[in-house]
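Number of protein chains: 2
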Amino acid sequence: MSGHLAIIGLGPGDAALLTPQASAALAAAEALFGYAPYLARVPEQAGQRRQGSDNREELARARAAIAEAAGGARVAVVSGGDAGVFGMAAAVFEAIEQGDAAWRSLAVEVIPGVSALLAAAARVGAPLGHDFCAISLSDLLTPWPAIRARLEAAAAADFVVALYNPRSARRRAGLAEAAAVLLAHRPPQTPVLIARNLGRAGEAWRIETLAALAEADIDMLAIVIVGSSATRLLPGDPPRLYTPRGYRTASGR
Amino acid sequence: MSGHLAIIGLGPGDAALLTPQASAALAAAEALFGYAPYLARVPEQAGQRRQGSDNREELARARAAIAEAAGGARVAVVSGGDAGVFGMAAAVFEAIEQGDAAWRSLAVEVIPGVSALLAAAARVGAPLGHDFCAISLSDLLTPWPAIRARLEAAAAADFVVALYNPRSARRRAGLAEAAAVLLAHRPPQTPVLIARNLGRAGEAWRIETLAALAEADIDMLAIVIVGSSATRLLPGDPPRLYTPRGYRTASGR
Numbered sequence: 492m493s494g495h496l497a498i499i500g501l502g503p504g505d506a507a508l509l510t511p512q513a514s515a516a517l518a519a520a521e522a523l524f525g526y527a528p529y530l531a532r533v534p535e536q537a538g539q540r541r542q543g544s545d546n547r548e549e550l551a552r553a554r555a556a557i558a559e560a561a562g563g564a565r566v567a568v569v570s571g572g573d574a575g576v577f578g579m580a581a582a583v584f585e586a587i588e589q590g591d592a593a594w595r596s597l598a599v600e601v602i603p604g605v606s607a608l609l610a611a612a613a614r615v616g617a618p619l620g621h622d623f624c625a626i627s628l629s630d631l632l633t634p635w636p637a638i639r640a641r642l643e644a645a646a647a648a649d650f651v652v653a654l655y656n657p658r659s660a661r662r663r664a665g666l667a668e669a670a671a672v673l674l675a676h677r678p679p680q681t682p683v684l685i686a687r688n689l690g691r692a693g694e695a696w697r698i699e700t701l702a703a704l705a706e707a708d709i710d711m712l713a714i715v716i717v718g719s720s721a722t723r724l725l726p727g728d729p730p731r732l733y734t735p736r737g738y739r740t741a742s743g744r
Numbered sequence: 492m493s494g495h496l497a498i499i500g501l502g503p504g505d506a507a508l509l510t511p512q513a514s515a516a517l518a519a520a521e522a523l524f525g526y527a528p529y530l531a532r533v534p535e536q537a538g539q540r541r542q543g544s545d546n547r548e549e550l551a552r553a554r555a556a557i558a559e560a561a562g563g564a565r566v567a568v569v570s571g572g573d574a575g576v577f578g579m580a581a582a583v584f585e586a587i588e589q590g591d592a593a594w595r596s597l598a599v600e601v602i603p604g605v606s607a608l609l610a611a612a613a614r615v616g617a618p619l620g621h622d623f624c625a626i627s628l629s630d631l632l633t634p635w636p637a638i639r640a641r642l643e644a645a646a647a648a649d650f651v652v653a654l655y656n657p658r659s660a661r662r663r664a665g666l667a668e669a670a671a672v673l674l675a676h677r678p679p680q681t682p683v684l685i686a687r688n689l690g691r692a693g694e695a696w697r698i699e700t701l702a703a704l705a706e707a708d709i710d711m712l713a714i715v716i717v718g719s720s721a722t723r724l725l726p727g728d729p730p731r732l733y734t735p736r737g738y739r740t741a742s743g744r
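Residue numbers (the working numbering), protein chains in the order written: chain V, 492 to 744; chain F, 492 to 744.
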């Protein structure tokens with residue numbers, strides 16, 4: 492099979508955070524597939540085909556990209572952030588496993604990117620300085636009880652918790668329930684970072700308290716990082732959040 | 492205060508994964524601080540001072556870098572991967588909080604990078620396609636019972652689990668205990684990625700089973716990713732690991 496499929500993380504949006512490896516792979520592609528707003532970030536190039544689609548269509552997009560690569564083309568599938576973190580990479584391998592047996596011999600390369608989580612953390616300091624979890628609140632493909640069980644576990648074991656897909660029009664109660672689970676295990680003044688569109692138009696971030704999270708103005712594009720009991724807020728302009736590297740250091744302060 | 496401190500993630504080692512923002516910040520620095528093997532990755536530049544140090548000296552290194560920036564210099568502190576994930580960023584903010592009150596007005600910028608975790612995941616497919624945790628097994632600053640409690644929580648709630656600092660000469664039993672905790676909650680054939688030096692000389696990665704993890708040949712520089720119960724191994728050359736985007740998808744296959 493002569494085609495090639497690259498799954499590319501575009502980073503958070505700022506071109507200065509797109510890796511040279513990702514830039515080279517985008518330039519080498521004959522066809523690009525992706526959620527339309529992500530594709531729009533990639534500079535136009537003569538002779539390169541583009542297939543934008545809606546964000547609910549990951550598996551169909553993956554199949555279309557694989558089929559084109561299997562036909563001999565150099566194809567790229569793009570995701571925001573890192574394609575492996577709640578992005579297109581898992582959808583591509585799922586489509587390969589479920590699809591034509593010949594697809595398993597296709598050359599597939601995953602090109603990592605700076606994830607939204609890492610970019611959000613860097614903007615505010617170092618909230619991921621110690622153990623952390625990433626949990627998607629989307630119940631499109633995962634039953635809510637499984638999501639809730641993970642929230643409970645992460646809250647009880649005092650992980651820093653990053654919430655992906657925190658809210659949608661269809662599902663208003665998930666974030667409030669997540670906040671309640673976390674509040675049962677850590678203080679109401681625990682700092683929470685809410686970040687949106689980092690490195691792009693409409694960039695915004697702010698630090699709230701865990702007590703205010705349930706009612707905070709948040710949409711599906713935001714990423715939320717809830718501090719652990721050790722996470723420190725340094726007031727100032729800008730304020731800073733960091734999680735110390737260890738408990739002994741924190742308690743010995 | 493006129494100085495500037497940039498905390499820079501160098502990515503996993505391959506220059507093609509160093510972001511343009513990080514490259515520019517490295518070039519603009521008058522003085523570089525870091526763990527010596529990371530500093531060695533940064534191209535030499537005339538007139539730029541360098542201060543390499545041992546990997547046990549994060550806080551002393553952070554204080555020295557802050558002091559130099561507070562004196563008016565443009566200073567960069569480097570970490571491998573992303574500086575915010577078990578890297579230098581938390582040490583710098585800890586030093587600022589504990590240090591001279593004037594340090595709080597220093598301009599500090601954190602420049603994110605492709606973390607070792609994301610690079611390792613990309614190399615093998617998409618094992619971080621659903622909820623995951625990152626846990627350091629280093630008990631230098633965190634008591635082992637706290638680490639163990641996080642392992643128990645992550646194992647019981649079926650997170651994909653990334654282990655940082657999996658083993659050292661001083662501490663041989665931690666990894667075996669972590670493996671036993673995970674084995675109590677997921678099948679012995681659960682796939683495990685062990686990766687080392689990705690993108691650098693001595694790069695190696697392999698897929699083992701959870702049953703084999705306790706006895707695996709692993710050192711402190713490795714990163715380990717243990718699949719959840721949903722993580723799929725696709726045999727082949729190379730083999731692939733991915734975690735489906737949801738449970739319904741996985742069980743509906």
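Glycine is no exception: its CB is placed at the ideal position from the N, C-alpha and C atoms.
Only a predicted model underlies this, so the values are computations on that prediction, with no experimental measurement involved.
So residue i and residue j are supposed to be a Cβ contact under 8 Å. How far apart are they, rounded?
| i | j | result |
| --- | --- | --- |
| residue 575 of chain V | residue 609 of chain F | 6 Å |
| residue 581 of chain F | residue 736 of chain V | 5 Å |
| residue 553 of chain V | residue 601 of chain V | The Cβ separation is near 13 Å, so there is no contact. |
| residue 646 of chain F | residue 677 of chain F | 7 Å |
| residue 499 of chain V | residue 515 of chain V | So it is not a contact: roughly 10 Å between Cβ atoms. |
| residue 503 of chain F | residue 508 of chain V | Wrong, their Cβ atoms sit about 15 Å apart, outside the cutoff. |
What residues in its chain sit with their C-beta under 7 Å from that of residue i, if we drop five residues either side in the sequence?
| i | result |
| --- | --- |
| residue 743 of chain F | Unreliable placement is indicated for residue 743 of chain F, whose pLDDT of 35 sits below 50; no coordinate value is reported for it. |
| residue 667 of chain F | 705 |
| residue 685 of chain F | 696, 697, 699, 707, 709, 713 and 715 |
| residue 812 of chain F | In this structure chain F extends from 492 to 744, so residue 812 of chain F is not present and cannot be described. |
| residue 590 of chain V | 554 and 557 |
| residue 614 of chain F | 686, 689 and 696 |
| residue 731 of chain V | 615, 616 and 725 |
| residue 562 of chain F | 494 |
Residue i: buried (16+ other C-beta within 10 angstroms of its C-beta) or exposed?
| i | result |
| --- | --- |
| residue 594 of chain F | buried |
| residue 528 of chain V | exposed |
| residue 497 of chain F | buried |
| residue 545 of chain F | exposed |
| residue 579 of chain V | buried |
| residue 519 of chain F | exposed |
| residue 680 of chain F | exposed |
| residue 535 of chain F | exposed |
| residue 622 of chain V | buried |
| residue 559 of chain V | buried |
| residue 592 of chain V | exposed |
| residue 537 of chain F | exposed |
Please compile the residues from chain V whose C-beta is within a distance smaller than 8 Å of the C-beta of residue i.
| i | result |
| --- | --- |
| residue 644 of chain F | 644, 645, 647, 648 and 650 |
| residue 627 of chain F | 621 and 622 |
| residue 734 of chain F | 581 |
| residue 672 of chain F | Correct list: empty, because the minimum Cβ distance to chain V is about 12 Å. |
| residue 595 of chain F | 725 and 727 |
So, at 6 Å on beta carbons, what are the nonlocal neighbours of residue i in its own chain, with the 5 sequence-adjacent residues on each side left out?
| i | result |
| --- | --- |
| residue 649 of chain F | 719 and 720 |
| residue 704 of chain F | 670 and 683 |
| residue 740 of chain F | At residue 740 of chain F, the pLDDT of 44 sits below 50, so the modelled position is not reliable and the matter cannot be decided from this model. |
| residue 606 of chain F | 572, 573 and 576 |
| residue 694 of chain F | 688 |
| residue 702 of chain F | 679 |
Mind listing the chain V neighbours of residue i? Cutoff is C-beta to C-beta under 7 Å, in chain order.
| i | result |
| --- | --- |
| residue 714 of chain F | Within chain V, no residue comes near residue 714 of chain F; the closest Cβ sits about 13 Å away, beyond 7 Å. |
| residue 524 of chain F | The premise fails here: residue 524 of chain F is roughly 16 Å from chain V at the closest Cβ pair, so nothing lies under 7 Å. |
| residue 731 of chain F | 584 |
Identify the contact partners of residue i in chain F, using a Cβ-Cβ distance below 7 Å as the criterion.
| i | result |
| --- | --- |
| residue 575 of chain V | 609, 612, 613, 617, 619 and 620 |
| residue 601 of chain V | 613, 616 and 617 |
| residue 606 of chain V | 609 |
Using a cut-off of 9 Å between C-beta atoms, extract the partners of residue i located in chain F.
| i | result |
| --- | --- |
| residue 528 of chain V | Near residue 528 of chain V there are no residues of chain F at all, since even the closest Cβ is about 19 Å away, more than 9 Å. |
| residue 681 of chain V | Going along chain F, no residue has its Cβ under 9 Å from residue 681 of chain V, so there is no contact; the nearest lies around 17 Å. |
| residue 723 of chain V | 584, 585 and 588 |
Cβ closer than 8 Å: which chain F residues qualify as neighbours of residue i?
| i | result |
| --- | --- |
| residue 507 of chain V | 510, 511, 512 and 515 |
| residue 658 of chain V | Within chain F, no residue comes near residue 658 of chain V; the closest Cβ sits about 17 Å away, beyond 8 Å. |
| residue 746 of chain V | Residue numbering for chain V in the displayed model covers 492 to 744; residue 746 of chain V lies beyond these limits and cannot be assessed. |
At a CB-CB cut-off below 9 Å, which residues of chain V make contact with residue i?
| i | result |
| --- | --- |
| residue 668 of chain F | The contacting residues do not exist; residue 668 of chain F stays about 16 Å from chain V at best. |
| residue 640 of chain F | 647, 648 and 649 |
Excluding the five sequence neighbours on either side, which residues of its own chain have a C-beta within less than 8 Å of the C-beta of residue i, listed in chain order?
| i | result |
| --- | --- |
| residue 550 of chain V | 582, 585 and 586 |
| residue 656 of chain V | 577, 627, 628, 629 and 711 |
| residue 665 of chain V | 628, 630, 635, 638, 657 and 658 |
Quick one: complete beta strand (DSSP E) runs, 3+ long, within the segment 645-690 of chain V? Segments of the beta strand (DSSP E) lying fully in the segment 645-690 of chain V: 651-655 and 682-687.
Enumerated in chain order, which unbroken segments of the beta strand (DSSP E) with a length of 3 residues or greater are wholly contained in the segment 530-574 of chain V? 540-544 and 565-570
As an exercise, report each continuous alpha helix (DSSP H) stretch of at least 4 residues that is fully enclosed by the segment 571-647 of chain F, in chain order. The alpha helix (DSSP H) runs lying completely inside the segment 571-647 of chain F and spanning 4 residues or more are 579-589, 607-615 and 635-647, given in chain order.
So within the segment 498-525 of chain F, which uninterrupted alpha helix (DSSP H) runs reach at least 4 residues, ignoring any that extend past its ends? List check, alpha helix (DSSP H) in window: 511-519.
Any beta strand (DSSP E) of 3 or more consecutive residues that is wholly inside the segment 710-741 of chain F: 713-717, 723-725 and 731-733
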